[in-house]
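At position 151 of the sequence shown the residue is numbered 1019 (the working numbering), and the sequence of numbers has no breaks.
In this text, a Cβ means the ideal position worked out from N, Cα and C, and glycines have one as well.
Note that the structure is a prediction, hence the values are computed from the model and not measured.
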Amino acid sequence: WFQDAFKFLNVDLGSPYNALVAQWITWERLNSWKNKPTGFKKFSHPQELTTWVNYGRYEKKPILIAPGNVEQFAESVWTWWLQLQPRWRQTGEDNRLLTVDDFKDDFHSDDWKSLNFPGANRWLGLLACLRWWGEGLAWIEDKSVRNKGAESWLHAIGDMSKMLEGLILYK
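Right, here's the structure in full:
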């Protein structure tokens, strides 16, 4: 499973995305490339991810996020990501996640169960969503809309990267 997943994720969407993919490789290697049929909670994940998995992933049915749908897709990725957080993860007044640096004492908590899932039905889905989101941004013609979307996308990459770093340290 891993070779196909890597081939799919290995696109040039910039240094932050590429660094997260490299981190994901480290995570999967630490878990001996295990692949179990169960994965993250599905009740709030983007519908595009369900479509992708149901059609066999990778080349069978490519997922393209139209420019007019990028913002809605981004919101669905953020909603799912928020649902996956460990209990110790805090949100601010706007119901957005606080950066990990805001609560360093809790960062090394033992409660990582909600994210501690290697394999094809886990972090791969999150990274696939980031790929589609990043590719969708490239098609937005309005520069200010594209820049605002890119800021959110980079924030998501940074947040997922920090949590994956913590998960790797926990492991």
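Nonlocal neighbours in the same chain, by C-beta distance under 6 Å from residue i, ignoring five residues either side
i	result
residue 889	877
residue 948	912, 913
residue 874	none
residue 924	none
Beta carbon of residue i nearer than 8 Å to that of residue j
i	j	result
residue 1000	residue 893	no
residue 895	residue 991	yes
residue 1005	residue 996	no
residue 965	residue 872	no
residue 935	residue 1007	yes
residue 917	residue 1039	no
residue 1031	residue 938	no
Nearest-angstrom Cα separation, counted from residue j out to residue i
i	j	result
residue 911	residue 1011	33 Å
residue 980	residue 993	18 Å
residue 920	residue 962	31 Å
residue 941	residue 978	31 Å
residue 1021	residue 915	18 Å
residue 880	residue 1002	10 Å
residue 955	residue 1037	18 Å
residue 922	residue 1016	31 Å
residue 1013	residue 953	28 Å
residue 926	residue 900	22 Å
First and last residue of the uninterrupted alpha helix (DSSP H) at residue i
i	result
residue 897	883–898
residue 913	Segment: none, residue 913 is in no alpha helix (DSSP H) and carries neither H nor E.
residue 1029	1011–1038
residue 992	991–1005
residue 939	938–951
residue 872	870–877
Close Cβ partners of residue i (< 8 Å) along its chain, the five nearest in sequence each way excluded
i	result
residue 1029	884, 887, 888, 891
residue 1035	895, 980, 983, 984
residue 1033	891
residue 1024	942, 945, 946, 949, 998, 1001
residue 959	950, 965, 966
residue 1009	935
Residue i beta carbon near the ligand FAD (any heavy atom closer than 7 Å)
i	result
residue 945	The ligand content of the structure shown is nil, which means the ligand FAD is not present either.
| request: Answer yes if the region 984–991 comes into contact with the region 902–909, meaning at least three C-beta pairs across the two stretches below 8 Å, and no otherwise. | output: yes
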